[in-house]
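2 protein chains.
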Amino acid sequence: MNAPDKQPHELRKDPIVGRWVIIAPNRLSRPQTVQDCPDHDPGSFDPFLEGNEDTTTDEILAYRDHGSAPNGPGWRVRVIPNKFPAVRVEWEQVKRGDGMYDKMSAVGAHEVIIECPHRETNMSRLSVENIREVLWVYRDRLVDLKRDPRLVHALIFKNKGALAGASLDHSHSQLMVSPIVPIAIKEELEGADHYFRYRGRSIFDDMIQQELAAESRVVLETEQFLVFCPFASRFPFETWIVPKHQSSHYENITRNMIEELGTVMKRTLQMLEVALDDPPYNFVLHTAPFDSQPLPHFRWHIELFPRINRVAGFEWGSGFYINPVPPEDAADFLRKTDIE
Amino acid sequence: MNAPDKQPHELRKDPIVGRWVIIAPNRLSRPQTVQDCPDHDPGSFDPFLEGNEDTTTDEILAYRDHGSAPNGPGWRVRVIPNKFPAVRVEWEQVKRGDGMYDKMSAVGAHEVIIECPHRETNMSRLSVENIREVLWVYRDRLVDLKRDPRLVHALIFKNKGALAGASLDHSHSQLMVSPIVPIAIKEELEGADHYFRYRGRSIFDDMIQQELAAESRVVLETEQFLVFCPFASRFPFETWIVPKHQSSHYENITRNMIEELGTVMKRTLQMLEVALDDPPYNFVLHTAPFDSQPLPHFRWHIELFPRINRVAGFEWGSGFYINPVPPEDAADFLRKTDIE
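Protein sequences appear in the order of chains A and B. Under the numbering used here, the first residue of the first sequence carries the number 5, and numbering increases by one thereafter. Under the numbering used here, the first residue of the second sequence carries the number 5, and numbering increases by one thereafter.
Right, here's the structure in full:
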């Protein structure tokens, strides 16, 4: 275990647009230019492998076989603190202004969810029961972390492949819980609230209804979920998984929904992997802030984007994306992908 | 010249957050996974070189030596249409709804500014007179394009280096003018307007005052410009160039300001290149929409970010950035960089 750094990282707010960033100094004496990441070497040491528990930070939670001991073998899904956390629960909460600027200490939790005990790189190749346990672990961690009144919002995300930001190839996801609402979530909450107040309907319900009627962007439909490529996709093959029924907070998910979501996740990832030849990808779970009651206008959902094109700097700098693959073509390609 | 594609590209609006994207189908029959870009080969053919004018699209504007003919040698700065434009002036303007969704044809201009006739990869190595002419070309193109009532906003940007999205190494920048305001600009306009209405002061004035008092994030100060690393920098060494006096529209820039901005650009780029060992980088000029009068709350400025760390997918998906280099350290490092 690393001892907490003496100096807490800072959360700082951009005064113009209200976007929070984490200033998390690393220990490099001189800044390094980004290197192109080679693919991970499958022969390299795997700290996430069953049996190597002593090489990781101590576990926070694990689904274990009866009789197995913490931080030893016998687990199926295991949660540990990130070794280089951007936020930490140990830091004291300090909020203060600096003239016109706002900042606070980066209190929070940054955890790694190791999705399987064996060395598997692709979540889609895990058994559906295994994926369901991962989805249930997400829920368990949110329920636990929500009890800390300093913490306001949770991001759960996956970086798959070196090009998508993963530093290890063993299938894993991450969780970052902090005292702020990330700007992309804040904008969704505001946009969805505006729509609801104006029309008295959930924008997610309207979107699902229109996508089902149009059919052209639908990838997969089950009883409780719709998978589709959104109308204004920023990235080629951007794919959303949205529950059909109202639910703003992921942590309120039921066993029954997890059953189905496990199947949906596996099939969606299989389609993307087969169609795009095992691309690097990311997904981010969007869920409502902890400190809100169930919201009628917002719905948790998963946004998935393969990294198949390079995003130029002007797109970052302006939020104005050029997408070379229409979502109708992407959905058609995914639907026609043979995954069995 | 390419004939306009039969099917106009589409601008589509995300119904939740209001972000416009350009859906610009390419001709690939099958999506390709991103390849790591090797550095450009300095021995490769350079279509932007003086003498190779017949290999590019026809010029829109060039600053030429007396007596030289269009599309031949004798120019100092040259503007041509992008060979693969995301938007086109030739397309008919069609705006329509699709159920709950909004879309329009991608009318606009997508141009390339070739910054010098010789093969130079780094803008900072151009003479200061040359840089001033580039900055004046930006102004000229905005003044011209503003006359088209269909066009609402201009982005001027540079992708330097393959990793930052450049496809050619000859120093160039780009311009994209379209009927929409990119979301990052819209958010700045709204945030700055809110601040002005609440406090009766420009947020840019307050920021400049505080940065000058604090000193720690200042990189360079001249009579009319302040260069600093912003308090809530998203990226290591993110650097902004902001005019000290109120001016919302870049196209209203004066000869006198261009004189000084040329010097400021050259020095800032030199510092970044020396400090970070010639990094890939991007800059984006943020300016007010064409259809507004001079705005007291908004100020045009240039945001510059070297690409020295890889941005993980969750950062894109959430807008929640982790920056490993505090802006105070970045500014200190830049100030101490010996550029002569």
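Each residue gets a CB set at the ideal place from its N, CA and C atoms; glycine is no exception. Computed from a predicted model, the values in this text were never measured in an experiment.
Check	Outcome
Inside the segment 177-232 of chain A only - beta strand (DSSP E) runs reaching at least 3 residues	222-225 and 229-232
B:R16 vs A:A236 beta-carbon contact at 8 Å	yes
DSSP beta-bridge partners of A:T243	A:L308
Simplified DSSP assignment, three categories, for B:Q36	The predicted model places B:Q36 with a pLDDT of 45, which falls under 50 and marks its position as unreliable; any figure quoted below should be read in that light. In the structure shown, B:Q36 sits in coil (DSSP, three-state: anything other than H, G, I, E or B).
Inter-residue Cα distance where the pair is A:V116 and A:N86	6 Å
Neighbourhood of A:E255 by C-beta, 7 Å cutoff - its chain only, sequence neighbours within 5 removed	R143, L146, V147 and K150
B:I135 to B:M127 span [Cα, whole Å]	7 Å
Interface flag, A:T37 vs chain B, CB-CB below 8 Å	For A:T37, the predicted structure reports a pLDDT of 43, less than 50, and the residue's modelled location is therefore unreliable. A value from the coordinates is still provided. Output row for A:T37: interface = yes.
CB contact below 8 Å: A:P186 versus chain B	yes
Bridge partners - A:D102, DSSP secondary structure assignment	A:Y105
Cβ-based neighbour list, B:E215, same chain, cut-off 7 Å, excluding 5 preceding and 5 following	R221, V222, L230 and F232
Own chain, CB closer than 8 Å to A:V268, minus 5 neighbours either side, in chain order	L224, T226, F229, V231 and I245
Cα-Cα separation, A:D210 to B:A335	48 Å
Cβ-based neighbour list, B:G169, same chain, cut-off 8 Å, excluding 5 preceding and 5 following	N163 and N286
Cβ-Cβ separation, B:R311 to A:G317 (assumed contact under 8 Å), whole Å	7 Å
Closer than 9 Å at the beta carbon, the chain B residues around A:G195	D18, P19, I20, V21 and G22
A:E153 versus B:G204 - alpha carbon distance	Position check: residue 153 of chain A holds Pro in this sequence, whereas Glu was assumed. Going from the Cα of A:P153 to the Cα of B:G204 covers about 36 Å.
Chain B contact residues for A:V25, given Cβ-Cβ distances below 8 Å	A236, S237, R238, F324, Y325, I326 and N327
Residue range of the unbroken beta strand (DSSP E) whose run includes A:V91	Neither: A:V91 is in no beta strand (DSSP E) and is coded neither H nor E.
C-alpha gap between A:R34 and B:F309, whole angstroms	Here the model assigns A:R34 a pLDDT of 43, short of 50, so the residue's position is not dependable, and the following value carries that caveat. Roughly 17 Å separates the two Cα atoms.
Any non-hydrogen atom of the ligand ATP closer than 7 Å to B:A188 Cβ	For the ligand ATP, the structure offers nothing, since it holds no ligand at all.
Per-residue burial, B:I160 [other beta carbons within 10 Å of its own, 16 or more giving buried]	buried
Neighbour flag for B:G317 against chain A, beta carbons, 8 Å	yes
Interfacial residues, the segment 91-113 of chain A to chain B, with Cβ spacing under 7 Å	G103, M104 and Y105
The segment 53-67 of chain A touching the segment 257-272 of chain B, judged by at least three CB pairs closer than 8 Å	no
Three-way DSSP call (helix, strand, coil) for B:R238 in this model	coil
Chain B residues whose Cβ lies nearer than 7 Å to that of A:G169	R314, A316 and G317
CB-CB length for A:S175 against A:T243, believed under 8 Å	Going by Cβ atoms, the distance from A:S175 to A:T243 rounds to 19 Å, so no, they are not a contact pair.
Close Cβ partners of B:F241 (< 6 Å) along its chain, the five nearest in sequence each way excluded	P310 and A334
Interface residues of chain A facing B:P29 [CB-CB closer than 8 Å]	P328, V329, P330 and D333
Rounded separation between B:T258 and B:A188 - CA only	26 Å
Sequence-distant residues of the same chain with beta carbon closer than 6 Å to A:A28, five excluded per side	H13 and A90
Contacts of A:E307 in chain B (Cβ-Cβ under 9 Å)	G321
Assigned exposure category for B:P298 - 16 Cβ within 10 Å defines buried	exposed
Partner residues on chain B for A:E191, Cβ-Cβ distance less than 7 Å	V21
Residue from A:E307, A:V185 and A:D281 whose Cα sits closest to the Cα of A:P293	A:V185
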